[in-house]
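Chains A and B, in that order, are what the protein sequence lines are.
In short: position in the first sequence from 1, add 3, done, that's this note's numbering.
In short: position in the second sequence from 1, add 22, done, that's this note's numbering.
In this text, a Cβ means the ideal position worked out from N, Cα and C, and glycines have one as well.
Notes to accompany the following structure.
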Amino acid sequence: MGRQWEPSTRAAVQSGCVVSACRAGRPEAGSWSCSGVIVSRSPGLVLCHGGIFTPFLRAGSGSLTEAGVAFLPGDSCRDDLRLHVQWGPPASSASGHAEPERPGVCTPRC
Amino acid sequence: AGPEPPTRAAGRPRPRPPPRPAELLLLLSCPAFRAHFARLFGAEAAEQWHFANSAPHDELSEEEEEDQLRALGWFALLRVPPGGETPPELERAPAAAVAVAPLGTVPKGAPLLACGSPFGAFCPDIFLNTLSRGVLSNVAGPLLLTDARCLPGTEGGGVFAARPAGALVALVAAPLCWKAREWVGLTLLCAAAPLLRAARAAAHRLRCPEASALAALLPPEAGSPRGSPLPDLGPPWAAAAVLVECGTVWGSGVAVAPRLVLTCRHVAPREASKVLVHSATPKSVAVWGHVVFATQEVCPYDIAVVSLEEDLDGVPTPVPAEHFHEGDPVSVVGFGVFGQACGPSVTSGILSAVVQVEDAPVMLQTTCAVHGGSSGGPLFSNRSGDLLGIVASNTRDNNTGAAYPHLNFSVPITVLQPALQRYSQTGDLSGLRELDRAADPVRVVWRLQRPLPDVPRSKL
């Protein structure tokens with residue numbers, strides 16, 4: 004990528020994350036995931052797509068199309084909704100420490 | 023504008039923090055996005071459009087597809103509580119909050135960088151934060167379209183601008199769009215600024231005081247202009263594209279002189295027929311004209327020339343290119359997909375092939391996404407802004423019915439320019455009529471046939 008992209012690439016990779024949703028104690032029910040953006044680190048605030056929440060809506064997906072509804076509070080989803088956010092490693096180590104190598108990681112030749 | 027490998031810092035891979043639990047604060051939608059979505063994709067056209075994460079022929083229950091459609095314009099604000107096993111350097115990461123581009127500050131045609139994780143949480147070691155580049159193809163309020171290629175699972179991913187550097191422009195609403203069972207090759211986005219505004223407003227209305235405090239911490243718009251947003255300037259050459267309406271048929275065209283528009287024969291096929299030409303930039307106007315020349319049905323060059331009754335005020339006349347360089351970055355501007363419902367779309371790519379006959383270019387191929395309705399639209403060089411050609415078609419596999427928007431064919435402007443100049447100066451159509459006498463090898467090229475073998479001459 005050209006140099007003009009360096010700030011955008013840095014911002015994108017630092018703020019990109021994955022959000023996954025599942026039912027507490029019911030792994031067999033499956034999980035849903037999408038991408039997201041960390042809009043604030045302290046406190047940690049993430050914007051992601053709403054599609055992964057439709058299976059958890061108490062009133063069903065119809066509540067998304069009710070006239071005049073622009074938002075739904077978090078408790079619109081069932082109590083057994085469990086969310087996890089995963090992001091990448093920091094772009095640079097602020098402490099400057101050498102990082103430990105991951106044991107057992109190798110690249111076998113095919 | 024294809025998917026590119028994830029950018030990784032040089033050296034050893036850094037350990038990825040483990041997934042962190044989060045809580046849902048609210049689900050939100052941007053009302054203006056929903057209104058524009060309903061206008062562009064709703065009504066009669068609704069049956070033609072699909073935004074599913076799978077191809078239209080894949081099995082997806084009606085209920086699942088309905089759910090996806092209902093949730094398309096919805097996003098979620100989550101909170102990640104502090105603690106856990108987060109490495110301390112992440113907590114101290116410099117990017118405390120993203121910068122957000124105000125709506126309207128990124129013009130059509132501007133380069134964009136999409137960052138998402140294809141297939142969501144599947145194999146983050148490989149797919150987390152994969153980058154893809156493209157341009158801002160079209161704008162309808164907070165509903166944006168990009169030709170950066172995105173995949174299922176990138177919904178919610180951020181789309182960033184090169185200018186303002188690193189500013190968050192939008193979030194992916196639907197990575198894949200299908201119209202009439204054909205992949206359109208554009209990704210649907212919701213602008214970030216109005217979405218965050220909606221989040222702030224919603225948080226204040228929640229009964230939870232904590233949520234209201236968090237709303238104050240949502241990132242503001244960077245360098246927000248006072249009053250109305252900046253006008254959508256875009257590249258100056260993009261304004262040369264016009265919409266051409268001939269009876270019930272419509273397509274695109276390009277103004278090559280104040281009263282002269284070039285389009286395709288299959289858009290305006292009959293000489294002397296009346297044509298209505300709409301320009302979108304700098305202002306929306308419609309001017310009547312008539313077809314002064316259209317190539318014959320058997321002519322390989324699918325071209326028509328329209329003479330207008332009035333000047334197209336303010337519409338720039340592009341400079342015709344004299345040379346073509348394979349691999350050069352190019353853009354197609356056309357009214358494909360949306361027609362009059364929205365301004366012209368800009369799609370980016372490279373000049374992938376210049377097909378020559380006897381050392382003269384007779385066909386241009388590009389990797390830009392080209393859709394039905396783009397025919398007649400201009401192909402521009404991104405480097406010089408020169409007009410390279412006129413889009414004539416994209417590609418369809420007759421065996422499978424699949425369309426390929428990223429392989430398309432244009433008539434080089436060098437084929438047309440001498441005749442157009444002669445007509446502009448003298449009104450003489452004879453140069454244009456010469457196009458109907460294109461040599462057989464040119465016909466073979468445009469029929470996508472193999473070159474004719476050299477036939478041995480008879481000695482008789």
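Query	Result
Residue closest to E380/B, alpha-carbon to alpha-carbon, out of C172/B, A460/B, C212/B and V194/B	A460/B
Cutoff 8 Å; reference L67/A; Cβ partners in own chain excluding five residues on either side	G53, T57, L60 and L75
Cβ contact (3+ pairs, closer than 8 Å) linking the stretch 144–157 of chain B and the stretch 81–96 of chain B	no
Neighbourhood of E267/B by C-beta, 6 Å cutoff - its chain only, sequence neighbours within 5 removed	L298
Rounded C-alpha distance that separates T388/B from S403/B	11 Å
Supposed contact pair V314/B and V283/B - C-beta distance, whole angstroms, cut 8 Å	Wrong, their Cβ atoms sit about 10 Å apart, outside the cutoff.
Where A224/B meets chain A, residues with beta-carbon distance less than 8 Å	A73 and F74
Bounding residues of the alpha helix (DSSP H) (the contiguous stretch that carries V437/B)	I435 to T448
Outcome for N430/B when other beta-carbon atoms lying within 10 angstroms are tallied against a minimum of 16	buried
Simplified DSSP state of Q129/B, which is helix, strand or coil	Checking the displayed sequence, the identity of residue 129/B turns out to be Pro instead of Gln. In this structure, P129/B counts as coil in the three-state DSSP scheme.
Interface flag, G47/A vs chain D, CB-CB below 8 Å	Among the protein chains of the structure shown, namely A and B, there is no chain D.
Counted within 10 angstroms of its Cβ, other Cβ atoms place R472/B as buried (16 or more) or exposed	exposed
Below-8 Å beta-carbon distance, T176/B vs any chain A residue	yes
Residue-chain proximity (V120/B, chain A), Cβ-Cβ < 8 Å	yes
Closest by C-alpha distance to H72/B, when choosing among E319/B, L47/B and A195/B	A195/B
Proximity test, Cβ basis, 8 Å: A14/A and chain B	yes
Chain B contact residues for P10/A, given Cβ-Cβ distances below 7 Å	A187 and G188
Cβ of N404/B within 8 Å of any chain A Cβ	no
Own chain residues within Cβ distance below 7 Å of Q89/A, not counting five before or after	C20 and V21
Interface residues of the stretch 124–147 of chain B facing chain A [CB-CB below 7 Å]	L135, C137, G138, S139, G142, A143 and P146
Residue burial classification, K305/B (beta-carbon count within 10 angstroms, cutoff 16)	exposed
Boundaries of the alpha helix (DSSP H) in which W8/A is found, first to last residue	From DSSP, W8/A is part of no alpha helix (DSSP H); its letter is neither H nor E.
P216/B versus V102/B, G336/B, Y426/B and A123/B, residue with shortest Cα-Cα distance	A123/B
Partner residues on chain B for G39/A, Cβ-Cβ distance less than 7 Å	G178
Own chain partners of H87/A with C-beta closer than 6 Å, once the 5 adjacent residues on each side are dropped	S23
L46/B - DSSP class collapsed to helix/strand/coil	strand
Chain-ordered chain B contacts of G33/A [CB-CB under 8 Å]	Result: empty, since nearest Cβ-Cβ is about 12 Å, beyond 8 Å.
Reference L373/B, options Q362/B, R405/B and I325/B, closest by Cα	R405/B
Contacts that P53/B makes with chain A (C-beta to C-beta distance below 7 Å)	A73
At least three beta-carbon pairs within less than 8 Å, the stretch 234–241 of chain B to the stretch 358–375 of chain B	no
Within-8 Å CB hit, E45/B to chain A	yes
Spatial distance of V271/B from F55/B (CA atoms)	29 Å
Interface residues of chain A facing V540/B [CB-CB closer than 9 Å]	Because chain B spans 23 through 482 in this model, residue 540/B falls outside it and cannot be assessed.
Neighbour flag for L239/B against chain A, beta carbons, 8 Å	yes
Chain B contact for G28/A (CB, 8 Å cutoff)	no
Length of the line joining the Cα atoms of C390/B and V354/B	7 Å
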